[in-house]
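Data block below; observations after.
Chains as they are written, first to last, in the numbering used here: chain H, 1 to 363; chain D, 1001 to 1394.
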């Protein structure tokens, strides 16, 4: 069991995970100088979706997302849906692993083969997950201050290049275009469904820390975007592949504080690792809860092989990744995040209503 | 137990083979540390020539007195190709070490390349994962190879010499401003603004290629280069040039805060006064449907360098201040008129209108027709070590 505070931190780091370096450029491109507003409304959507999941999970106390279909729809169909969730978690994990290796290849390690990053991260992630959810929660709790303080410190150091004029004119971007950017709802907010696998394991209820975590992460994203725009300007931030990295790369204070971008690389790597931990936990727990194996290590080995292969083949280049993200993420995620939970909720309501009537008739 | 421990250790040791340093290891003595980059483009053939000035790690105090004598602090490699990307591969025909441009300090561009357009150059720099676009960009007034092959006295590495001079000029004059980096160029050009970059020229037609000779020559004006003038850029192309006098007004009206000493003619007397911008306010209001841009400059004056005349009384101070207000207003407005006639928006009026009147349907036209008023308020706040200069008995 993990504490509410640990789950709160886990939610924040999970959302920030890959978002900080995959999405910033696209958000600035879409929202211009007002892009910092986007996480605020997308975060509100994240909270609404979260409330929807909490409603479903309240009907099945102590059951995880993949156990609910088994209860609601019976063993054969429930297993099928749970396996679909397993694949969903695997695809997300493969995706972020590939984002990670793209980032490393594009910045400080251009020569290292992608599979090395994938396999090394997966080995450590599987080992951590095998130790149980407490290890994941504690690791994240211990490591968060080492992410939070250096991240904001390097961004504050970068303010030597700050220019308020880059944020003007304020509230003058096309609000319609900002609201239409639905892929931001899919990634990262709808992907937080993986965190519901941990809901039964949070002491004193996971709902409130989850919703607070979504809100905090949205505010953090908004502040990061605000700083990126003020430091780079819309013109550059909307074209650079990794704007947060470039912001820190350009820090130069005197002759002493220069080339400190390695700090931001390490922070981003750890954030991705935390997101990977949650997804690997989700995938392995799905296997455990649905198929109840006696030994788990073969599953972890298989997961390592499957996810490293998936990461290599999920897309060929970041251009494909961007196009998928913009066009299909929302629809694809909606199937797992909105449709299936909605059908489960409807089934539950019907079963409860008819169940009561049948009981009344019987009595 | 011991067996399991040994097996665990063995597995851990096997993991070291996967350590990523095997692919991306970077040994200092395998790198060619680039200190300065020079770029030239032939307007006829489109052939690109890049000059990499690479730091010689053996030059320095330890190498002095070696049998070979003092070594050159830098070596300049010149390489040509049809594209910048191609040069990245062909440089190794000559260069025995891995090119490392992350620490380069200065980017120099030839005047003919600047006239043709620098968009390709800045795109190439910005695309490089380890390239830095936060380096100053200067335009070479004259042959590029001459500047790239000039050793500098006092500061032995030329890029350090330029970097240091720029910092001193930014602080002690209004001849150069802070916004001269590659990223400033990108930002301004993408907003359809203009920018002025410093220019650099060699002082000798055939500079010595021997660093020892340069170091031994007392005449620092020989074998050197000088920063002077400004290249005006619009849409990534150099469209004109400003002289040093015009640069002062350009930087003042763009909010640069260097302490610049200038001689003014006040009531028939020459007086050298140090100016420093304390505050600048730019706003827009409408007057009979026409936008009026009001620029207000608050300047701090110092008579530390006024060896010709120092005011004696409060009345004289006020007279000096009001005279200088008028002179600076007139000269600033004359500068604005000159830029307007040439079609250069050097005061960034368009950008100001875009921010303050974003709903205006014809920003470009409004920027061209905008009326500009400049108000200057000077305050004498500093004096030198003497309250009056010596006047003699004659």
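Glycine residues also receive a C-beta, built at the ideal position from the N, C-alpha and C atoms.
To the nearest angstrom, report how far apart residue i and residue j are at their CA atoms.
i              : j              : result
residue 1296/D : residue 1354/D : 19 Å
residue 142/H  : residue 1332/D : 59 Å
residue 345/H  : residue 336/H  : 13 Å
residue 50/H   : residue 174/H  : 28 Å
residue 1153/D : residue 1138/D : 20 Å
residue 1284/D : residue 9/H    : 47 Å
residue 368/H  : residue 267/H  : A query on residue 368/H cannot be resolved here, the shown segment of chain H reaching from 1 to 363 and no further.
residue 1211/D : residue 1072/D : 6 Å
residue 78/H   : residue 67/H   : 8 Å
residue 1064/D : residue 1161/D : Residue placement at residue 1064/D is poorly supported in this model, since its pLDDT is 49, which falls under 50; the coordinates are not used for a value here.
residue 223/H  : residue 1041/D : 42 Å
residue 27/H   : residue 16/H   : 14 Å
residue 226/H  : residue 35/H   : 8 Å
residue 1348/D : residue 1281/D : 13 Å
residue 1376/D : residue 1143/D : 41 Å
residue 229/H  : residue 1015/D : 41 Å
residue 1062/D : residue 1159/D : With a pLDDT of 47 at residue 1062/D, under the threshold of 50, the modelled position of this residue cannot be trusted, and the question is left open.
residue 338/H  : residue 180/H  : 18 Å
residue 1068/D : residue 1074/D : With a pLDDT of 48 at residue 1068/D, under the threshold of 50, the predicted position of this residue should be treated as unreliable, though the coordinate-derived value follows. Roughly 16 Å separates the two Cα atoms.
residue 42/H   : residue 183/H  : 10 Å
residue 316/H  : residue 59/H   : 42 Å
Relative to the C-alpha of residue i, which residue among the options is closest?
i              : options                           : result
residue 287/H  : 333/H, 202/H and 90/H             : 90/H
residue 145/H  : 232/H, 1/H and 6/H                : 6/H
residue 18/H   : 66/H, 270/H and 225/H             : 270/H
residue 1300/D : 1050/D, 1382/D and 1138/D         : 1382/D
residue 165/H  : 1118/D, 1351/D, 1083/D and 1306/D : 1351/D
residue 334/H  : 318/H, 193/H, 225/H and 205/H     : 193/H
residue 1234/D : 1226/D, 1191/D and 1008/D         : 1191/D
residue 29/H   : 170/H, 88/H, 177/H and 20/H       : 177/H
residue 1076/D : 1013/D, 1035/D, 1267/D and 1128/D : 1035/D
residue 1390/D : 1356/D, 1179/D and 1307/D         : 1307/D
residue 93/H   : 39/H, 76/H and 119/H              : 119/H
residue 153/H  : 257/H, 45/H and 88/H              : 257/H
Leaving out the 5 sequence neighbours to the left and right, which residues in its chain are closer than 7 Å to residue i when beta-carbon positions are compared?
i              : result
residue 1223/D : 1150, 1151, 1204, 1207, 1208, 1214 and 1217
residue 347/H  : 72 and 73
residue 1360/D : 1353 and 1366
residue 1164/D : 1155
residue 1264/D : 1271, 1273, 1324 and 1327
residue 305/H  : none
residue 1342/D : 1240
residue 32/H   : 173 and 234
Once you ignore the five residues that flank residue i on each side, which residues in its own chain have a CB closer than 8 Å to its CB?
i              : result
residue 367/H  : As displayed, chain H neither begins before 1 nor continues past 363, which places residue 367/H out of reach and without an answer.
residue 273/H  : 121, 124 and 125
residue 201/H  : 1, 2 and 133
residue 1033/D : 1054, 1055, 1057, 1100 and 1103
residue 1246/D : 1230, 1335 and 1338
residue 1087/D : 1048, 1050, 1079, 1080 and 1081
residue 25/H   : 237, 238, 239, 240, 241, 242 and 243
residue 1011/D : none
residue 299/H  : 284, 287, 288 and 293
residue 99/H   : 18, 21, 22, 272 and 321
Beta-carbon within less than 6 Å of residue i's beta-carbon, same chain only, minus the 5 sequence neighbours each way: which residues are those?
i              : result
residue 81/H   : 69
residue 1221/D : 1203
residue 1311/D : 1317 and 1320
residue 1385/D : none
residue 54/H   : 207
residue 12/H   : 213, 216 and 217
residue 313/H  : none
Evaluate contact between the region 205-220 of chain H and the region 235-247 of chain H, counting only Cβ atoms and requiring at least three cross-stretch pairs below 8 Å.
In this structure the region 205-220 of chain H does not touch the region 235-247 of chain H; the number of beta carbon pairs closer than 8 Å is below three.
Positions along the region 1089-1113 of chain D whose CB lies within less than 8 Å of some CB in chain H: Residues of the region 1089-1113 of chain D whose Cβ lies closer than 8 Å to any Cβ of chain H, in chain order: 1102 and 1103.
Should the region 260-273 of chain H be regarded as contacting the region 1137-1157 of chain D, the criterion being three or more beta carbon pairs within less than 8 Å? Touching, no, given that fewer than three Cβ pairs across the two stretches are closer than 8 Å.
Worksheet item: Between the region 1181-1201 of chain D and the region 1092-1104 of chain D, do at least 3 Cβ pairs fall closer than 8 Å?
Response: In short, these stretches do not touch, since the Cβ pair count stays below three.
Closer than 7 Å, Cβ to Cβ, to anything on chain H: give me those residues from the region 1186-1203 of chain D, in chain order. Going along the region 1186-1203 of chain D in chain order, one finds 1186, 1187, 1190 and 1191 with a Cβ nearer than 7 Å to chain H.
(Q) Within 8 Å, do at least three Cβ pairs link the region 1369-1385 of chain D to the region 1304-1323 of chain D? (A) Flag = yes, the region 1304-1323 of chain D and the region 1369-1385 of chain D touch.
Residues from the region 1156-1188 of chain D in contact with chain H, defined by Cβ distance under 8 Å: Of all residues in the region 1156-1188 of chain D, 1183, 1186 and 1187 have a Cβ within less than 8 Å of some Cβ in chain H.
Chain H contacts made by the region 1365-1387 of chain D, where a contact means CB separation under 8 Å:
Contact residues of the region 1365-1387 of chain D toward chain H are absent (C-beta to C-beta distance below 8 Å).
Taking Cβ-Cβ distances below 7 Å as the criterion, which residues of the region 277-300 of chain H are in contact with chain D? Result list empty, no residue passes.
message = If contact is defined by three or more beta carbon pairs under 8 Å, each pair taking one atom from either stretch, is the region 1120-1127 of chain D in contact with the region 1164-1174 of chain D?
response = The count of Cβ pairs closer than 8 Å, one atom from the region 1164-1174 of chain D and one from the region 1120-1127 of chain D, stays below three, leaving the stretches out of contact.
Open item on the list: Short of 9 Å Cβ to Cβ, which residues in the region 102-123 of chain H face chain D?
Closed with: Those residues of the region 102-123 of chain H that come within reach of chain D (Cβ to Cβ, closer than 9 Å) are 104, 105, 106, 107, 108, 109, 110, 111, 112, 113, 116, 117, 119, 120 and 123.
By the 7 Å beta-carbon criterion, what residues does the region 1023-1054 of chain D contribute toward chain H? Residues 1023 and 1024.
Using a beta-carbon distance cut-off of less than 7 Å, what residues from the region 151-177 of chain H approach chain D?
For the region 151-177 of chain H, which is checked against every Cβ of chain D, the residues closer than 7 Å are 165, 168, 169 and 172.
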